[in-house]
Structure formats: C-alpha cells, structure tokens
Amino acid sequence: MLETRNLTKSFGPIQVTKGVSLKLEKGERRVILGPNGAGKTTLFNQLVGEITPNSGTIHLDGADVTGLRVADRARRGLSRSYQKNTLFDGLTIRENLGLAAAVALGKGQGLWSDPLQSPEVRETVREVAAQVDLAPYLDARVDAVSYGIRRQLEVGIALATRPKVILHRTGHGSGLRRGRHHHRPELRRGGLRRVARGRQGQPASEGHLFGGVGRCST
Amino acid sequence: MFTHSPLRLTTLAILAAGSLAYAFVAGFYGMEILAEIAILAILVIALDLVAGFGGMVSLCHGALLGVGAYAFTVAANDAGLTALPAMLLAVALTSALSFLIGAVCARSTGIYFIMATLAFGQMAYSFVFQSPLFGGDDGLSGAPRPDLSAVGIDLTDSRAFAVYAILLVAFAYAVAAATLRSGLGRSLVGLHHNEKRLRALGLTVWRAKATAFAISGALAGLAGCLAAQHTQFISPGLLSWTVSGEALVVVILGGLGTLVGPLLGAILFVVLKHEISAITPYWHAIVGVILIAVVMSRAKGVFGFIEARWEARKAQPLVKEAKADA
Ligand SMILES: Nc1ncnc2c1ncn2[C@@H]1O[C@H](COP(=O)(O)OP(=O)(O)OP(=O)(O)O)[C@@H](O)[C@H]1O
Ligand SMILES: [Mg+2]
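Chains A and B are the protein sequences, given in the same order. According to our numbering, the first sequence is numbered sequentially starting from 1184. According to our numbering, the second sequence is numbered sequentially starting from 467.
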C-alpha cells in the first residue's frame, strides 16, 4: 500500500532521514517510534507531501507519488489526521464529515449541485459517524463540543475520504519512549474504532501508519 | 454553511416586493436612488461571496467594477457591439481577469491577501487612468442601455431602468446563492475555516479560490455594466480603491457572510448618504460612527443583529420549559 525506498532528507548539514525504506502491506498497522528529535515528524511530512525528500521514492498503491503535492496524494487515497485537532470550526459535525467526503469524491469544485445533499456523501457521513461514535452529535457545532468528541471527529474526517492508507498522528508522551506501546489497547487489540475513541491523558506516540483501512478493498 | 433560513427568505421577499413597489411609486429622484442602490447591491453581493464566506477580503472589487464599466463602454462605443453582447463580453473579461487575480493571490491570506488585491486594483486604476484609449482623466461617455423595445420596454425611461436594475440584483443574488450551495461554495466556506486541512483532503486550493474569485468578479463586472448604463458616463474614479473600501464598509454594516445582510447594507448606506449629506457635508463621519457601533456590538452587522434577536426569540420557550421543570 505504502512503500518508501532509501528516503533521505537533510536540513543543511544535518541528515535527519537516512535511507529509510519501509513497507506497509494491506491490512497492516505500523507505528513509528523514536526519541525526541529522531526524525518522526520529518518522515511523516515526507509521506504526506508537505516536504520533499532529497532522494529516494515514495510509492502509494504501486504508483510513485514522490513528486506529487499534498492534495494529489490525498486524492490517491492517502489520508492523515493531525496531532492537534484540525477541524472546520464553526461548522457542524455533519458538515465537517460531509465536506471531507465531498472533496475526496472530487465534488469540491463542482458548480451545479450541492454535494452535501448527494446520496454518496450522506451515506459516507452516516457510516463514518457510526464508525467513530459521532451519530448523536451530527448537528452540533464543532466549537461547542467537548475535546473527546473533537478528537473523534479528527479521525472521522480522515476516514471520510475512504482512504487506502491512513497516517494517524497522536500526541507526545513518555510511555512509548519506554517501549510500552503494547499497553495501549488501541494498538494491542487493533481496530480503528479504538484509535478513534482514544483515552484522555494516555501516553501517546507521534505517528501511526495504518494500511488498507476500513472497508477499502484495494 | 450557507442556508436560506425562513428569516432570510422572508427578508428577501420583503426586499424584492418593497423595492419593486417603490419603483412604481417613486419620483425621478427616488428612481435614481434605486438604481444607485442596485449597483452597490450587486457589488456587495460579489464581495460578500469571497470575503464573507471565503475569507478573501478583497480591495480590488471597485477596480473590477470599473473594468466591467470600461469594457462595456468601449465594446459598445468602439467595437460597435449592441448593449447585450457588450455586457456579456465585459462580464466575461472581468471574470477572466478576476480568475487571474484569484490564482495569483491564492497563496496569500489575511493582510497579505488584502494588500495583493489592492495592488491589482491600483494597477487597473493607473492603466485606465493613463491609457489614451479610455479617455484618461476625462472619462468616457455614451454607454448605451440595452434596447428592449422588441418586448415593449424602453430602458431610457428611469422607471423601467430601475425595475431592470432590481432584476439584475435578483439575478446576481441567485448566482451567488447557487454558488454557495454548490461543491465550490461548500469548499469556499471550508477554506475560510481551515485551508490546510482541505488541501490535505485533496482540494486543489488555488483553483477553488480562483474560480470563486472569477464568479465574484463576473458579478462585479455586471455591477460595472449597470453603473455605466445608469450614468452613461464613466471616469477612472470608478476604479479607485475607495470604492472597494466603501463596498467593504457596506458588507460589514449589513452583515458579513450572510449574503442577505449586504443587501440591507446597500440600502442603508445609499439612503443614509443622501439623507445625511443633505443636512451636513460630514456624512462620512456619521457613517463612520454607525460602522464603529456595529463592529463594537459584535453582531454580524445589521442583519446579523436581527438574526441573533430572532434566534433568541425562538429559544425563549425552551428556557421557560426548563424553568418550569425545575
Ligand atoms: N525545518 C527544519 N529545519 C532544520 N532542522 C529541522 C527542521 N525540521 C526538523 N529539524 C531537525 O531535524 C531533527 C528531527 O526533527 P523531527 O521534528 O522530525 O523529530 P521528531 O522525531 O518528530 O521529534 P519529537 O519527538 O520531538 O517530535 C531535529 O534535530 C530537528 O531539529
Ligand atoms: Mg515531532
């Protein structure tokens, strides 16, 4: 699903990413771990397309996406969440999910119909809302709900694009640095639903990679 | 996201019925004011589309209006087109120019976006001002009004022209509302709230911004055509950045991001201008005080204030029920 070959990235004299090759198969879940300054964020940003590697390639579902920009990679099925919730404040949860689904379906520039009313988008919104337990809050405004619900929506937006690969980011924390990530139920028992729920105050890692998520059949 | 609440639909119906009724009873002076309101109304609808919903505060909409007015006049006077094709050409040209401006400015946001649009506006201004083709300082006269005699309408009559102007406002509103309810309109609002996320979801942000700007610019160009047809004389002053500033004042006064509000703002602004300037030459100061009051009240302009009252009124019974329960 997602593969890098010999990825390198330097900032001036400091080589941060040194020939990283990783492979994520369909259905696999992988975690990127490392102490502060190890280069996790730098690697993550190369995967999503926010920074360009100096050399090496990134393949998504067999296709070379190294030269593609953020939006182009997203349209090919690469979805991400943010460490700090990055939502559409001022809109409702339904509108947040609907917008994400509409853009992912290529309806974000259309002029002749309202994508939020389209059956496809509405169906996606319903499914994702059920997946991340947001169904009761669909019509609440995002800036009026609790942190936990906002966190669920953060993952919901990433899922609403029906991605092939999801790059999930969680916050900083000491637990993982001591290699105790297997204590995290979301990683141990698996299932994105767990991740979506999260738990407050838990130690967290930097970035997770999940491959072939949800109902994606590719 | 943009919706037509019952309050908004009611307001629109009242505005449409009221202005049409007024067009039939008003004297010459009243009809001049109606036409002036209509021109400003189209311009502020255009501006609210990008500024209120998309967060792209533009200081070149006055210049876009001017480009529309000049393109129309030149197309009709020098290229020998009749009024309707000249209008289409002027609107298309303004729209294309706006697409370019939107595409170039798409990368910047906030104050930098404002400054970039201002720079484009000033470029258009000095181009028109200095080019001999456009009559320089003297301006151009002789812009024709559409010839609708085939359907028995004489637009040289000021009453017919006022009705025509109102219909153009309705058309501009319909275009803006349809845009806001389209995929592009939904993305536009999303961009305003979180551009970064929308890009990460797969939206080609610059193209969405440029397209929205092109639609807005087309409407500004339409306002320019109407302005040229109204006074049948145009001067570079139309492209001045103060026109853009005034449009922004009207949008904020009426209600940024409400689409209906700017219509109220346009009426209020033109009426106040005429009423107060009859009493004192310092009418700008009075409008300034009103604007400060509106901004300080934290309401979304006059219409936002009405909407907030309306919501509060609806919410009241719920509060009472809750009290009764307790
Ligand atoms: N834009 C940049 N310019 C220069 N140096 C950078 C830049 N971004 C990161 N670095 C350096 O690269 C190294 C790796 O940074 P990165 O942020 O990827 O680490 P990290 O693993 O995410 O750390 P943390 O756990 O603290 O988030 C650090 O030494 C950092 O100072
Ligand atoms: Mg980091």
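By construction, the Cβ of each residue, glycine as well, lies at the ideal position given by its N, Cα and C atoms.
Test: residue i CB closer than 9 Å to a CB of chain B
{"i": "R1348(A)", "result": "Before going on, a small fix: residue 1348(A) reads as Val here, not Arg. No, its Cβ sits nowhere closer than 9 Å to a Cβ of chain B."}
{"i": "L1375(A)", "result": "Because L1375(A) carries a pLDDT of 40, less than 50, the predicted location of this residue cannot be relied on, and the following value inherits that uncertainty. With 9 Å as the cut-off, L1375(A) does not count as an interface residue toward chain B."}
{"i": "E1278(A)", "result": "yes"}
{"i": "P1298(A)", "result": "yes"}
{"i": "V1231(A)", "result": "yes"}
{"i": "V1315(A)", "result": "no"}
{"i": "Y1320(A)", "result": "no"}
{"i": "L1336(A)", "result": "no"}
{"i": "D1244(A)", "result": "no"}
{"i": "T1225(A)", "result": "no"}
{"i": "V1253(A)", "result": "yes"}
{"i": "R1371(A)", "result": "Per-residue confidence for R1371(A) stands at a pLDDT of 34, beneath the threshold of 50, marking its modelled position as unreliable; the derived number appears in the next sentence. No, its Cβ sits nowhere closer than 9 Å to a Cβ of chain B."}
{"i": "K1290(A)", "result": "yes"}
{"i": "R1258(A)", "result": "yes"}
{"i": "G1339(A)", "result": "no"}
{"i": "T1187(A)", "result": "no"}
{"i": "A1323(A)", "result": "no"}
{"i": "A1312(A)", "result": "no"}
{"i": "A1327(A)", "result": "no"}
C-beta neighbour in chain A for residue i, strict 9 Å
{"i": "L478(B)", "result": "no"}
{"i": "L650(B)", "result": "yes"}
{"i": "G656(B)", "result": "yes"}
{"i": "V785(B)", "result": "For V785(B), the predicted structure reports a pLDDT of 47, less than 50, and the residue's modelled location is therefore unreliable. The matter cannot be settled from this model."}
{"i": "V671(B)", "result": "yes"}
{"i": "L730(B)", "result": "no"}
{"i": "V715(B)", "result": "no"}
{"i": "K766(B)", "result": "no"}
{"i": "N660(B)", "result": "yes"}
{"i": "L664(B)", "result": "yes"}
{"i": "T645(B)", "result": "yes"}
{"i": "T575(B)", "result": "no"}
{"i": "S763(B)", "result": "no"}
{"i": "L634(B)", "result": "no"}
{"i": "S653(B)", "result": "yes"}
{"i": "G668(B)", "result": "yes"}
{"i": "M497(B)", "result": "no"}
{"i": "A778(B)", "result": "no"}
{"i": "A674(B)", "result": "yes"}
For residue i, the residue or residues it bridges with in DSSP
{"i": "L1299(A)", "result": "In the DSSP output, where bridge partners are listed per residue, L1299(A) has none listed."}
{"i": "F679(B)", "result": "Bridge partners of F679(B): none, in fact."}
{"i": "L1205(A)", "result": "T1187(A)"}
{"i": "K1192(A)", "result": "T1200(A)"}
{"i": "T583(B)", "result": "Answer by DSSP bridge pairing: none, since T583(B) is not bridged."}
{"i": "S607(B)", "result": "F699(B)"}
{"i": "V755(B)", "result": "Answer by DSSP bridge pairing: none, since V755(B) is not bridged."}
{"i": "T1275(A)", "result": "R1324(A)"}
Among the options, nearest to residue i - alpha-carbon criterion
{"i": "A1344(A)", "options": "N1237(A), R1258(A) and R1277(A)", "result": "Just to set this straight, residue 1344(A) is Thr in the shown sequence, not Ala. Looking at the Cα atoms, R1258(A) is the closest of the given residues."}
{"i": "V1231(A)", "options": "V1248(A), Q1314(A) and V1325(A)", "result": "V1248(A)"}
{"i": "G1331(A)", "options": "A1246(A), V1315(A) and L1342(A)", "result": "V1315(A)"}
{"i": "F627(B)", "options": "A693(B), I756(B), I772(B) and T645(B)", "result": "A693(B)"}
{"i": "T697(B)", "options": "S624(B), R673(B), A751(B) and L719(B)", "result": "S624(B)"}
{"i": "G690(B)", "options": "A674(B), F538(B) and L722(B)", "result": "F538(B)"}
{"i": "L614(B)", "options": "L500(B), Y630(B) and I505(B)", "result": "Y630(B)"}
{"i": "L1180(A)", "options": "P1302(A), D1255(A) and V1325(A)", "result": "An answer regarding residue 1180(A) cannot be provided, because it is not within the stretch 1184 to 1401 covered by chain A."}
{"i": "I854(B)", "options": "K739(B), V491(B) and S763(B)", "result": "Outside the displayed span of chain B (467 to 792) sits residue 854(B), for which this structure offers no information."}
{"i": "L807(B)", "options": "G720(B), I632(B), A569(B) and E741(B)", "result": "Residue coverage of chain B in this structure runs from 467 to 792, which leaves residue 807(B) outside it and unanswerable."}
{"i": "I733(B)", "options": "S471(B), L481(B) and V641(B)", "result": "L481(B)"}
{"i": "L757(B)", "options": "G534(B), E712(B) and A642(B)", "result": "E712(B)"}
{"i": "K1192(A)", "options": "S1238(A), K1223(A) and L1299(A)", "result": "S1238(A)"}
{"i": "L515(B)", "options": "A590(B), I632(B), M467(B) and S597(B)", "result": "M467(B)"}
{"i": "L525(B)", "options": "Y536(B), I499(B), S574(B) and A585(B)", "result": "A585(B)"}
{"i": "E1267(A)", "options": "E777(B), R663(B) and G767(B)", "result": "It should be noted that the sequence gives Lys, not Glu, for residue 1267(A). Answer by Cα proximity: R663(B)."}
{"i": "L633(B)", "options": "S485(B), R611(B) and S564(B)", "result": "S485(B)"}
{"i": "A556(B)", "options": "L685(B), S706(B) and V715(B)", "result": "L685(B)"}
9 Å Cβ cutoff, residue i in contact with chain D
{"i": "T677(B)", "result": "The structure shown contains no chain D; its protein chains are A and B."}
In chain order, what are the residue ranges of uninterrupted beta strand (DSSP E) at least 3 long that sit wholly in the region 509-554 of chain B?
With a minimum length of 3 residues, no continuous beta strand (DSSP E) run stays inside the region 509-554 of chain B.
Could you tell me which uninterrupted alpha helix (DSSP H) segments, each at least 4 residues in length, are contained entirely in the region 1218-1270 of chain A, listed from first to last along the chain?
The region 1218-1270 of chain A contains these whole alpha helix (DSSP H) runs: 1223-1231 and 1253-1258.
Taking any heavy atom of ligand 4 as the mark, which residues have a C-beta closer than 5 Å to it, listed down the chain?
Ligand 4 is absent from the structure shown, which contains only ligand 1 and ligand 2.
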